[in-house]
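Residue numbers (the working numbering): 514 to 1435.
For glycine and all other residues, C-beta sits at the position ideal for the given N, C-alpha and C.
Because the structure is a prediction, the values reported are computed rather than measured.
The next block holds one structure in the form of structure tokens; read it before the comments.
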Amino acid sequence: MDKTFNPNNIEQACYQQWEQQGYFAASGKGDPYCILLPPPNVTGSLHMGHAFQHTIMDALTRYHRMKGDNTLWQCGTDHAGIATQMVVERQLNAQGKTRHDLGREDFVKKIWEWKEHSGGTITSQMRRMGTSCDWTREAFTMDDDLSEAVKEVFVQLFEEGLIYRGQRLVNWDPVLHTAVSDLEVLNEEEDGFMWHMRYPLADGSGELVVATTRPETMLGDTAVAVHPDDERYQAFIGKQIKLPITGRLIPIVADDYVDMEFGTGCVKITPAHDFNDYDIGKRHDLEMINIFTADAKVNNNAPEAYRGLDRFDARKQIVADLEAAGVLVKVEPHKLKVPRGDRTGAVIEPYLTDQWYVAVESLAKPAIEAVESGEIKFVPENWSKTYYQWMYNIQDWCISRQLWWGHRIPAWYDDNGNVYVGRDEAEVRNKHNLSADIALRQDEDVLDTWFSSALWPFATMGWPEKTPELETFVPSSVLVTGFDIIFFWVARMIMMTKKFTGKIPFKEIYITGLIRDEQGNKMSKSKGNVLDPIDLIDGIELDTLVEKRTAGMMQPQLAEKIAKRTREQFPDGIAAYGTDALRFTFAAMASTSRDINFDMGRVEGYRNFCNKLWNASRFVLMNTEEQDTGKDGGEMVLSLADKWIWAKFQQTLQTFEQALGTYRFDLAAQAVYEFTWNQFCDWYLELAKPVLNADSSTEAQKRGTRHTLVNVLESLLRLMHPIMPFITEEIWQRVAPLTSVSGENSIMMQPFPQFDASKLDEAALADIEWVKQVIVGVRNIRGEMDIAPSKPLNVLLKNATSDDLRRSEDNRLLLTKMARLESMDILPAGEKGPASASAIVGEMEVLIPMAGLIDKDAELARINKALEKLQGDFNRTNGKLSNEAFVGKAPEAVIAKERAKLAEFQLQIDKLNEQKATIEAL
């Protein structure tokens, strides 16, 4: 093995070997285990959220594959209607063209060309993360077979009356000229204004003052609403108001929606341009007046003076005209949530249009029951409440989009406006006896991307054909996804899969937290706090950091932090951590928290963990290669340490599997880390040296320890493999030949370690823990008393029990070597013994006589000097925290940091005072 671990030297070649060998395909044997990859957008690139969730899915997939299950990780990408169309449109715009210059057919061809040449970025990046999905089954939502499934579902739902066309209010992007889903709308608080206006009663008996944040919409007002219990306006209900500027008469209606405490208690109602107003309009049978065109300009339903104006220009003109008419009461600054399209940044307009809808009430009922009955389980369970909240208040689903890229709606119209739905035009003509001379035109709209992705669990398995995959892998085992798409995707998959297969789509839904930056802020390019997973894996050069910082793509503080760490840790100037360190970081952070703050320091720590494993493996190989490891038999005697490490491994294996079974990847990672670093590397390798190096050790004893070294390491590598696939494969290839493993020549095709109760030796566990406590006690005394590690010590055991005496004799060689002892004697009962430093092990005291070991006066002088400095630090920090001006102005994080420093200073002071008292007593 190389002297140092370099992930760049092994990862890509290793992955290519796995993929070429076909290791990612389902075996066809064992119980089915299936995970559906939430299909990322074909336009996308791997971000931290993807990398986090893919790590979890891959760990589960590799684990169940090794457990012998018939494991399938179904992958694929989504055609991402709006995003993809925008990418290609921008390319055309750069050439001075629009999609209309090409026409629909040629434009769609252009998108397919783009997809073939540039649409694979994210899948290549997924491979870099070690993603072991079955690429031979990779699906794309616009593939022919998936497109046929989409048409089949649409036709069947239409024929059952569950799909219909109607006029309703939608989120409208005036730049894209299409309806968009709620998920594609960003609602962020912005500074705006509240305009207060007088609306006079038609009979001249008075007026009402209404307030609005969008005065331009008054052109479409069809009522003013008040609360039925508001005594101020009881006499006005049923009267009419003369709408300023337009002169139209509109009614005053009573509705419980109105908040009597907000504003004046009078609300202008514009049903065609506000979702709440739309509901009020339906309740009171109000006229719906659309005043905007598709690009948010004022249309011909408004007075002539405003026609053709952009909505915001119309706002300025209307405010000026209201003021001139003397009906503008006041204008106040007001913070409000402004809906903007996530793709264009344009303010979204509630817009009344004809769209296609799915009537979802009947589909929702069995989907609710599937979760209520426990057939489908949310993990953590509390997310089921979020699911119920939406499902019990579910609204019909707008599934049409005014785009060219996507699944075109399978509906045709004749010249009389009649609509015909079918799988293709030929079927429509045949079904409705339409002759060839009757002209038909297909609907121009395409289906919402969420419509096709709702079919993902069964369409990817071959539906509507009855395939073996459909029988075997529906339902899948678990869906790993984020809480933000419970409504848009998870719920719809449950509804559609239940409807068309009679089965649930998945048995469990593991909802992950959201990856945020170190301060808990959402990662976004605009904030400059985005970390690229591939940069963390491969490294980012300092010159690139400077470029990103200069371009505003990365916060200066973040860029400087990475640069500082790079200069300190990476001589070649590239901060490369490798895939395994990043994956282990994600696993260690995968708790039940809603938000997960990503700390780069942890990636560095787990890169060190990889180095620790690498170096430990080199030590094992140096002591076992070309040696007898018991692979071919021979007498073996296991030392107490050998029995202990096998027992510790069994405990770790149990903890790991229990944690994985409840999706506590953080606990699984913690168990692996603790065993590897603390038990195997720091203790067992040291405990093995006396046996390997002592002349008194028999060949059977050495063979037993060599056997334990390689076999525990080989088992540990298999245990770690689901989380850290690359480094474990690389080391396993060297270690496996020293053991008796057989089968495929890859760790990922080996069986996962099985718990062996016979190796859970409780006596060995107890005895080695005693040994460790004695060694740690002696080492702590050395450190506290500043005694050189090389100085042999005389030890007395006081108040030793019969077990202590047995253990001290049985492990005299270990204790002598590892604690660096000159002698170890038993202090007779009742004797006080010489002046000593001591450590407690159970009821026993470990005494180290201090006579001749330290210069008492010099040691006290050293301690007093250290105490003086610490007391000064303590006083300064305490002074800050006692200063009301500092505490009142400083951020909470800064105050918390100062308090932690104060506690640490006090801890060190107490420790030094204890040492001082011990030395003074000598």
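Under the three-state reduction of DSSP, which class applies to residue i: helix, strand or coil?
i	result
D1108	strand
D867	strand
K979	coil
M1262	helix
I951	coil
K944	helix
H613	helix
F671	helix
F1169	helix
Y536	coil
K1402	helix
A1313	coil
W925	strand
I1007	helix
Under a Cβ-count criterion, where at least 16 other Cβ atoms within 10 Å of its own Cβ denotes burial, should residue i be classed as buried or exposed?
i	result
K1156	buried
W625	exposed
M1066	exposed
E1242	buried
R575	buried
F667	buried
M1363	buried
A1436	Given that the chain is displayed from residue 514 to residue 1435, the structure contains no residue 1436 and the question cannot be resolved.
V934	buried
D716	exposed
S637	exposed
R1080	exposed
S990	buried
R745	exposed
At the level of alpha carbons, what is the spacing between residue i and residue j?
i	j	result
C547	E1021	11 Å
E1073	I1053	13 Å
L1309	F537	60 Å
L865	G854	17 Å
D1323	Q1263	38 Å
I1408	L1394	8 Å
N583	V993	19 Å
L498	C527	In the structure as shown, the chain starts at 514 and stops at 1435, and residue 498 therefore has no counterpart that could be examined.
L960	D656	15 Å
T726	V842	14 Å
H797	E720	22 Å
K580	T857	47 Å
I523	G1290	42 Å
A1160	A1154	10 Å
K1267	S631	The identity of residue 1267 in the sequence shown is Gln, whereas the question assumes Lys. About 44 Å.
Hey, residue i and residue j: beta-carbon distance below 7 Å or not?
i	j	result
A1101	A1181	no
P863	L682	yes
G1041	Q1068	yes
A809	R824	yes
W1245	L1230	yes
R1320	D1280	yes
T1252	E1227	yes
K781	V737	yes
V1287	Q1214	no
P1238	K1330	no
M1009	A967	yes
Y1023	Y1176	yes
T644	D571	yes
K752	L799	no
R1247	G1147	no
M561	I1028	yes
Y1186	I1158	no
Check: Do the segment 729 to 737 and the segment 874 to 888 touch if we need at least three Cβ pairs shorter than 8 Å?
Finding: no
Margin query: Between the segment 939 to 949 and the segment 985 to 995, can you find at least three pairs of beta-carbon atoms closer than 8 Å?
Written below: no
Note to self: Would you call the segment 997 to 1017 in contact with the segment 914 to 922, where contact means no fewer than 3 C-beta pairs closer than 8 Å?
What the structure shows: no
Margin query: With three or more beta-carbon pairs closer than 8 Å as the criterion, would you say the segment 839 to 849 touches the segment 654 to 672?
Written below: no
Margin query: Quick test of the definition: if touching needs 3 or more C-beta pairs under 8 Å, does the segment 783 to 802 touch the segment 722 to 731?
Written below: yes
Margin query: Under 8 Å: do the segment 767 to 775 and the segment 737 to 750 share three or more Cβ pairs, one atom per stretch?
Written below: yes
Notebook entry, point to check: Just checking, does the segment 969 to 981 make contact with the segment 694 to 702 on the three C-beta pairs under 8 Å criterion?
Noted result: no
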